[in-house]
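Undergrad: I have a structure here, written as structure tokens, and I will follow up with some questions on it.
Number of protein chains: 2
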Amino acid sequence: MSTDTKERIMEAARLTVQDLGYSGLSFRELAKDVGIKSASIHYYFATKGELGSAITSRYTSHFAQYFEELLTQGQDLKTCMARYTDVFANTLRNGNRMCLAGILSAERNELPDDVRSEVVKWGEMNERWIARVLMLDARAKPDETARRARAIFAAVSGAQLIAHSRGDVSVFEEIISAYRVSGLLP
Amino acid sequence: MSTDTKERIMEAARLTVQDLGYSGLSFRELAKDVGIKSASIHYYFATKGELGSAITSRYTSHFAQYFEELLTQGQDLKTCMARYTDVFANTLRNGNRMCLAGILSAERNELPDDVRSEVVKWGEMNERWIARVLMLDARAKPDETARRARAIFAAVSGAQLIAHSRGDVSVFEEIISAYRVSGLLP
DNA sequence: CAACACCTATCTATCGTCAGGTAAAAACTG
DNA sequence: CAGTTTTTACCTGACGATAGATAGGTGTTG
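Chains as they are written, first to last, in my numbering: chain A, 1 to 186; chain B, 1001 to 1186.
Written out as structure tokens, the structure is:
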């Protein structure tokens, strides 16, 4: 018995959206990737929105778990943030792909409501986690931390967007190091 | 004689792309906006790529001129950067639209080559101008300025992306002010 | 009369979606 | 345990809508 078909659909769909966006995801192409017929996708996901929402929710859960592990392993502040930006860098390295929620953010105005809200959840999860990481520094002021966390999330997302537009991961790395020099990133 | 049709096509196309992206731009809908038939658009722009490239090039020229004026008017560093971020904020205020090149950046992997290169030109223009602005500070180190300019450009683009995904301009403003606190923005 | 600024009508391709079919596996019944 | 029914996991084939593009026509303007 091969890997669950539903899993394979979600995996292929995620990779396509990260590459071509939600609008670039077609049931027929997706079916070819998976090796089934397009109608069969509807057996698992009634609508495209349902599929989009499912892969985004899964994406958030996956990284929430990975980020959580970094903290439970007792990694320090700088290491946590380095691993964090690595996630975005590695996405670019994999076929110049974007963060799933990043590319969906740009497409926001043409997304179904349920996909939209999953994109927001990704952002909230990222901001919460970064805030916790920032609090590893005993000198951090709790009332400024949330704002700074959101700024870091936005800045890293922007670095990925610009590097993606150039098709060059080294642009991402350069921007991240400039964030460190400026003091935005620890 | 009403405003030049070609201008009206470009204006409407730009607004649609800033709203729905390049993939969300259709000749038929665009024709309706302008009040002509879709085939007539091909009279002015042979292909969709040609239209996309034209509006992006024009977008860059337009803001290059505006930014240039800020400098020739002798505005100081802080004012220049405030006017700069205002451009992105106002775009969001206008129907939660994104910077034209920002939304095209996300769609990069499915853009025609000529549109792609116009997106890169937008970035280069922004980075060059920000670098000049940073040099208004006599203490600025020339060899670090280019890197910092790129970081600012990316960070502001990211702030817009995240605010756009939330559909809330105040998110943009909050992030920008956090950039100032951190020292990334002057 | 020619250049211009459109138009009608149509082509091929692709889109998400759906009705309905099928073969095999699983569950239920006597 | 055999026989029957139901569910699972797909499939074929098609629907109407929409996409960019194009050939060729029409009316206006200089």
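Yeah, the Cβ is synthetic: ideal placement off N, Cα and C, and Gly gets one too. Quantities reported herein were computed from a predicted structural model and do not represent experimental measurements.
1) Of all the residues that make up the stretch 1107-1125 of chain B, which are near chain A by a beta-carbon distance shorter than 7 Å?
2) Output the boundary residues of the alpha helix (DSSP H) element that contains A64 (chain A).
3) What are the start and end residues of the alpha helix (DSSP H) that includes A178 (chain A)?
4) In angstroms, rounded to a whole number, what distance separates the CA positions of V1133 (chain B) and G24 (chain A)?
5) Can you round the beta-carbon distance between K1037 (chain B) and A1031 (chain B) to whole angstroms, since I take them to be within the 8 Å contact cut?
6) Give the DSSP-derived three-state secondary structure of F45 (chain A) in the structure shown.
7) Taking the alpha-carbon positions, what's the G95 (chain A) to S1105 (chain B) distance?
8) Please check if any C-beta of chain A sits within less than 8 Å of the C-beta of N1096 (chain B).
9) Under 8 Å between C-beta atoms, does I130 (chain A) make it to chain B?
10) Taking its Cβ as the centre, do 16 or more other Cβ atoms sit within 10 Å of N1109 (chain B), making it buried, or is it exposed?
11) Alpha carbons only, please: which of A:I175, A:L161, A:E7, A:M135 is nearest the one belonging to L77 (chain A)?
12) Can you tell me whether H1062 (chain B) is buried or exposed? The criterion is at least 16 other CB atoms within 10 Å of its CB, across all chains shown.
13) Checking 8 Å against the spacing of the C-beta atoms, do Y1179 (chain B) and L161 (chain A) come in under that value?
14) Using three-state DSSP, classify E107 (chain A) as helix, strand or coil.
15) For the ligand GDP, is there a heavy atom less than 7 Å away from the beta-carbon of V120 (chain A)?
16) Whole angstroms are fine: how far does the CA of T145 (chain A) sit from the CA of D1004 (chain B)?
TA: So, from the listed chains and residues:
1) E1107, R1108, N1109, E1110, V1119, V1120, G1123
2) Reading the first sequence from its first residue, position 64 is the one you call residue 64 (chain A). It spans 48-72 - the alpha helix (DSSP H) in which A64 (chain A) sits, taken as one unbroken run.
3) Your numbering for residue 178 (chain A) matches position 178 in the first sequence. Segment 169-182, the alpha helix (DSSP H) holding A178 (chain A).
4) In the second sequence, residue 1133 (chain B) corresponds to position 133, counting from 1. In the first sequence, residue 24 (chain A) corresponds to position 24, counting from 1. V1133 (chain B) and G24 (chain A): Cα-Cα distance of roughly 38 Å.
5) For the purposes of this step, residue 1037 (chain B) is taken as residue 37 along the second sequence, with counting starting at 1. For the purposes of this step, residue 1031 (chain B) is taken as residue 31 along the second sequence, with counting starting at 1. With 8 Å as the limit, K1037 (chain B) and A1031 (chain B) qualify as a contact, their Cβ atoms being about 6 Å apart.
6) Working through the first sequence from its first residue, we reach residue 45 (chain A) at position 45. It is coil, neither helix nor strand.
7) The residue you call residue 95 (chain A) lines up with position 95 of the first sequence. The residue you call residue 1105 (chain B) lines up with position 105 of the second sequence. Whole-angstrom Cα-Cα distance: 15 Å.
8) For the purposes of this step, residue 1096 (chain B) is taken as the residue at position 96 of the second sequence. Yes, N1096 (chain B) lies at the interface with chain A (some Cβ there is under 8 Å from its Cβ).
9) By 1-based counting over the first sequence, the position of residue 130 (chain A) is 130. For I130 (chain A), the answer is no, since every Cβ of chain B falls outside 8 Å of its Cβ.
10) In the second sequence, residue 1109 (chain B) corresponds to position 109, counting from 1. So N1109 (chain B) ends up on the buried side.
11) For the purposes of this step, residue 77 (chain A) is taken as the residue at position 77 of the first sequence. Nearest C-alpha to L77 (chain A): A:M135.
12) Within the second sequence, residue 1062 (chain B) is the residue found at index 62, counting from 1. The residue is exposed, with fewer than 16 neighbouring Cβ atoms inside 10 Å.
13) As a position in the second sequence, residue 1179 (chain B) is number 179, starting the count at 1. As a position in the first sequence, residue 161 (chain A) is number 161, starting the count at 1. Their beta carbons are not under 8 Å apart, which means Y1179 (chain B) does not touch L161 (chain A) by this criterion.
14) Sequence index remark: in the first sequence, residue 107 (chain A) carries index 107 (1-based). Coil, per DSSP.
15) This structure does not include the ligand GDP; it has no bound ligands of any sort.
16) The sequence position of residue 1004 (chain B) within the second sequence is 4, counting from 1. The sequence position of residue 145 (chain A) within the first sequence is 145, counting from 1. Roughly 52 Å separates the two Cα atoms.
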